[in-house]
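Chemist: Below is one structure. I have some questions about it.
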Amino acid sequence: MKKIKYGTVIKHILLVTGAIIMLVPFVWMILTSFKTISEATQMNPFVIFPSEWRIDAFENVIRKMDFLKLYLNTFLMIAGRILCAVLTATMAGYAFARLKFKGKNFCFALVLFQMMVPTQIFIIPQYLMVSKIGMLNTLFSLLFPGLVTAFGTFLLKQNYMSLPKELEEAARLDGCNIGQTFLYVMMPLTKASMVALGIFTALFAYKDLMWPLIANTEQSTMTLAPALSKLQGQFSSNYPELMAASLIACLPMIILYLLFQKQFVEGIATSGGKL
Amino acid sequence: MQKSRLTRDWKECIWGWFFILPTMLGLIILNIIPIVQTIYQSFFKTGSFGRGNIFVGLENYKNLIEDSSVWQSLINTFKYAIVEVPLSIVIALVLAVMLNRKMRGRTFYRTIFFLPMVVAPAAVAMVWRWLFNSEFGLLNKLLNTVGIGEVNWLSDPKITVYVVAMVGVWSVIGYNMVLFLAGLQEIPRDFYEASEIDGANVFQQFFHITLPQISPTMFFVLVTRIIASFQVFDMILMMVDRSSPALPKTQSLVYLFYRYAFVENNKGYGSAIVVLLLVIIMIITVIQMIMQKKWVHYE
């Protein structure tokens, strides 16, 4: 009995230490953003808290960056990509899982092939395409690489394959055509996978740096990630401001995560685990 | 009868193509054509904005082989992967095993470890850069108080790539852990109960039940992590200055690709680099597929 308790204590010590290491960057980001430059660059490491919680850094950084616009652009990019991904992947996933038609296996092989290739290989031609049709620096250019998703198609296909055949047969006997069967009977059953794909898509779009960095060089369509990298280039030593900016950039997603923690974690777990 | 069967098959065929059409069109335009174009482009020298392409045959590849910065960045990428992949997997697995049983604060811990997954690397890299700042960073200040002098975390060519890899570990632990937790849930409880009756201790259980049972998840995590670590880019771009003396010994293959293709506008050479990346990733993935027969236990 004593032995077990001993183990539990060690377990908690390890977990708490780990949790602290995970949190240090966030805590330091928050603390620094409320300090003055001279406070932030003090040599004494035990000056942890700002002497006064100043919001100067936030005010300065909001004046320099149009965060409302950045939020809006990022939101539109994420929402657009989720819509495209869920819509196209749901349809294709159903067809690949449940319908018989010529050319199916070949098409699905292309889907699998796309998943195995590093995404950087698409970037130069994608950039040239967008630039050729004159759509650089538009919202469309932000959506462009995410219009369809091989990964999502695969994820939804796996889900449709796991559904019982009887449901579909019953619907067909009741006189539904394939489109109705899909829309009213089958699709509602894959809600969890659709949410998982949505979360996965949102996180991926939100974190992506290379594509928005090259496809978007103008202020008017800038998103959060590239804006931060530009800010760092300009004010590389004003740490309170840099920390304030990253805090503002991270906060909405962190809040969403804390609110829908279960959906986030399960979404990632199912989308990862299904592969 | 025969006829209606035929029309039904035909209808299904039309519906099928209707459903996959958007995805297939997108896939062809966004992915299949670009792969061909990238390979094609790698045989050309590029003028600005894709105009004035000059066919140079294998010259880009010849330059690639002779370019020491390409080889160095390949070594850097390997170094990064060798630290990030095993460490993030081992730590995540240990955490997952600890959190698998019902316990106090389980959700709390899981929430915290997963937190780095929901922040943009661009933002978080900036914080790490600040923590690792050689003059005013928290880490060096702390080291200073115990009498250890300044460490140039992000400008010492010998260590920077490992520092970036550690940040990579930090940011991906939660993701791996969540996947492992999902895998652990699948292991039947009675396996453990039976082994307890046989007198197995925690470690024996881990090596003889947990590890073999979780090997399919492990395989998945391993494959995806290796591929992802070979594509490391954001962290390096954000954490290591252009002027840092450590950059040549830290920059990854993808970072080099980005610089050549989009900063120096040499799309042909950039394409050749990314084809090299494709070949390397393919080789590693094939090796893993072959190796998996030796250690992955499917039911």
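Each protein sequence line maps, in turn, to chains X and C. First residue of the first sequence? That's 1 in this note's numbering, and the numbers climb one at a time after it. First residue of the second sequence? That's 1001 in this note's numbering, and the numbers climb one at a time after it. Where is the CB? At the ideal position from N, CA and C, for every residue including glycine.
1. Residues bridged to C:K1045 by DSSP?
2. For X:A150, which residues from the same chain have a beta carbon less than 6 Å from its beta carbon, with the 5 sequence-adjacent residues on both sides left out?
3. Cutting at 7 Å between CB atoms, please list the residues of its own chain near X:L163, excluding the five before and the five after it.
4. Assuming the contact rule is C-beta atoms closer than 8 Å, C:F1314 and C:V1254 should be a hit. Round their C-beta distance to whole Å, please.
5. Mapping the DSSP letters down to three states, classify X:I48 as helix, strand or coil.
6. Where does C:D1241 fall in DSSP's three states?
7. Rounded to a whole number of angstroms, what is the C-alpha to C-alpha distance between X:S237 and C:K1141?
8. Which parts of the segment 150-178 of chain X are runs of the alpha helix (DSSP H), unbroken and 4 residues or longer, counting only runs that do not cross its ends?
9. Would you kindly check if the distance between the Cβ of C:Y1269 and the Cβ of C:N1060 is under 8 Å?
10. Going along the chain, which unbroken runs of the alpha helix (DSSP H) with 4 or more residues stay wholly within the segment 1251-1279 of chain C?
11. So for X:F235, helix, strand or coil by DSSP?
12. Going along the segment 1259-1272 of chain C in order, which residues come within less than 9 Å of chain X, judged by CB to CB distance?
13. Starting from C:L1142, find everything on chain X with Cβ-Cβ shorter than 7 Å and list it in chain order.
14. Quick one: what does DSSP say C:T1160 is sitting in, helix, strand or coil?
15. If we ignore side chains and look at the alpha-carbon of each, how far apart do X:E169 and C:D1009 end up?
16. Per DSSP, what kind of secondary structure is X:T181 in: helix, strand or coil?
17. By alpha-carbon positions, which one of X:S141, X:F101, X:I121 and X:M43 ends up nearest to X:L76?
18. Measuring alpha carbon to alpha carbon, tell me which residue in C:N1063, C:I1065, C:R1129 and C:E1135 is nearest C:G1168.
19. For X:A171, collect the residues of the same chain with a Cβ closer than 6 Å to its Cβ; drop the 5 residues on either side in sequence, then sort them by chain order.
20. Using a Cβ-Cβ distance cut-off of 8 Å, determine whether C:Q1231 contacts chain X.
21. I'd like the span of the alpha helix (DSSP H) that includes C:L1030, first residue to last.
22. So the candidates are X:V24, X:G7 and X:P50; which of them puts its Cα closest to the Cα of C:F1113?
23. At what residues does the alpha helix (DSSP H) containing X:D56 begin and finish?
24. Determine the DSSP secondary structure at X:Y257, reduced to helix, strand or coil.
25. Using a Cβ-Cβ cutoff of 9 Å, what residues of the segment 1001-1024 of chain C are near chain X? List them in chain order.
26. Identify which residue in C:E1150, C:Q1288, C:M1289 and C:M1282 has its Cα closest to the Cα of X:V117.
27. Under three-state DSSP, which class holds X:F34?
28. Quick one: does C:L1093 have its CB under 8 Å from some CB of chain X?
29. Whole-angstrom Cβ separation of X:L251 and X:P226, contact assumed at under 8 Å?
30. X:I78: which of X:E266, X:S220 and X:P212 sits nearest, CA to CA?
31. I'd like the span of the alpha helix (DSSP H) that includes C:Q1072, first residue to last.
32. For chain C, is any of its Cβ atoms less than 8 Å away from the one on X:I268?
33. On the three-pair Cβ rule with 8 Å, is the segment 1241-1254 of chain C touching the segment 1208-1227 of chain C?
34. Between which residues of its own chain and X:K71 is the CB-CB distance below 8 Å, once the five residues before and five after are set aside?
35. Looking only at its own chain, which residues have a Cβ that is under 7 Å from the Cβ of X:A245, when we skip the five neighbours before and after it?
Modeler: Let's see:
1. Locating residue 1045 of chain C in the second sequence gives position 45, where the first residue counts as 1. Looking at the DSSP output, C:K1045 sits in a beta bridge with C:I1054.
2. In the first sequence, counting from the first residue as 1, residue 150 of chain X sits at position 150. Contacts found: V111, Q114 and M115.
3. By one-based count along the first sequence, residue 163 of chain X stands at place 163. Leaving aside the five residues that flank X:L163 on each side, the residues in its chain whose CB is nearer than 7 Å to its CB run, in chain order, M186 and L189.
4. Residue 1314 of chain C lies beyond the residue range present for chain C, which begins at 1001 and ends at 1299; the question has no answer from this structure.
5. As a first step, residue 48 of chain X must be located in the first sequence, where it is residue number 48. Coil at X:I48, not helix or strand.
6. In the second sequence, counting from the first residue as 1, residue 1241 of chain C sits at position 241. If DSSP states are grouped into helix, strand and coil, C:D1241 belongs with coil.
7. One-based indexing of the first sequence puts residue 237 of chain X at position 237. One-based indexing of the second sequence puts residue 1141 of chain C at position 141. Spanning the two alpha carbons is a distance of roughly 17 Å.
8. For the alpha helix (DSSP H) assignment, the uninterrupted runs of no fewer than 4 residues enclosed by the segment 150-178 of chain X are, from N- to C-terminal side, 150-161 and 165-173.
9. What you label residue 1060 of chain C is simply residue 60 of the second sequence in a count that begins at 1. What you label residue 1269 of chain C is simply residue 269 of the second sequence in a count that begins at 1. The beta carbons of C:N1060 and C:Y1269 sit closer together than 8 Å.
10. Runs found: 1253-1258.
11. Within the first sequence, the letter at position 235 stands for residue 235 of chain X. Reduced to three states, the DSSP call for X:F235 is coil.
12. The segment 1259-1272 of chain C vs chain X, Cβ under 9 Å: A1261, F1262, K1267, G1270 and S1271.
13. By 1-based counting over the second sequence, the position of residue 1142 of chain C is 142. Close to C:L1142, with beta-carbon spacing below 7 Å, are these residues of chain X in chain order: P45.
14. The residue you call residue 1160 of chain C lines up with position 160 of the second sequence. In the three-state reduction of the DSSP assignment, C:T1160 falls in the helix class.
15. Here the question's residue 169 of chain X lines up with position 169 in the first sequence. Here the question's residue 1009 of chain C lines up with position 9 in the second sequence. If I take the Cα positions, the gap works out to 15 Å.
16. Within the first sequence, numbered from 1, the residue matching residue 181 of chain X stands at position 181. Under the three-state reduction of DSSP, X:T181 is assigned to helix.
17. Taking the first sequence and counting its residues from 1, the one referred to as residue 76 of chain X is at position 76. Closest by C-alpha distance to X:L76, out of X:S141, X:F101, X:I121 and X:M43, is X:S141.
18. Translated into the one-based positions of the second sequence, residue 1168 of chain C becomes position 168. Looking at the Cα atoms, C:R1129 is the closest of the given residues.
19. Walking along the first sequence from the start, residue 171 of chain X turns up at place 171. Correct list, in chain order: T181 and V185.
20. As a working note, residue 1231 of chain C is residue 231 in the second sequence. Contacts with chain X at 8 Å (Cβ-Cβ) include C:Q1231.
21. Residue mapping note: residue 1030 of chain C aligns to position 30 of the second sequence, counting from 1. Run containing C:L1030: none; DSSP gives neither H nor E here.
22. Along the second sequence, one-based indexing puts residue 1113 of chain C at 113. Closest option to C:F1113, judged by alpha-carbon separation, among X:V24, X:G7 and X:P50: X:V24.
23. The count along the first sequence starts at 1 and reaches residue 56 of chain X at position 56. D56 to K64 is the extent of the alpha helix (DSSP H) around X:D56.
24. The residue you call residue 257 of chain X lines up with position 257 of the first sequence. In the structure shown, the three-state DSSP call for X:Y257 is helix.
25. Of all residues in the segment 1001-1024 of chain C, only D1009, K1011, E1012, C1013, I1014, W1015, G1016, W1017, F1018, F1019, I1020, L1021, P1022, T1023 and M1024 place a beta-carbon less than 9 Å from a beta-carbon of chain X.
26. Position 117 of the first sequence holds residue 117 of chain X. That would be C:M1282, whose Cα lies nearest to the Cα of X:V117.
27. Taking the first residue of the first sequence as 1, we reach residue 34 of chain X at position 34. In the structure shown, X:F34 sits in coil (DSSP, three-state: anything other than H, G, I, E or B).
28. Residue 1093 of chain C sits at position 93 when you count from the first residue of the second sequence. So no, C:L1093 is outside the interface.
29. Translated into positions along the first sequence, residue 251 of chain X becomes position 251. Translated into positions along the first sequence, residue 226 of chain X becomes position 226. X:L251 to X:P226, Cβ: 18 Å. No contact.
30. The sequence position of residue 78 of chain X within the first sequence is 78, counting from 1. Nearest option by C-alpha distance: X:P212.
31. Taking the second sequence and counting its residues from 1, one reaches residue 1072 of chain C at position 72. Taken as a continuous stretch (DSSP letters only), the alpha helix (DSSP H) holding C:Q1072 covers S1068 to N1100.
32. Taking the first residue of the first sequence as 1, we reach residue 268 of chain X at position 268. It does: the Cβ of X:I268 has a partner Cβ on chain C nearer than 8 Å.
33. Not touching, per the Cβ criterion.
34. Looking up residue 71 of chain X in the first sequence gives position 71. For the sequence presented, residue 71 of chain X should be read as Tyr rather than Lys. So the qualifying residues of the chain are L224 and P252.
35. Counted from its first residue, the first sequence places residue 245 of chain X at position 245. Closer than 7 Å at the Cβ level, and outside the excluded window around X:A245, lie V61, M65, L228 and L231.
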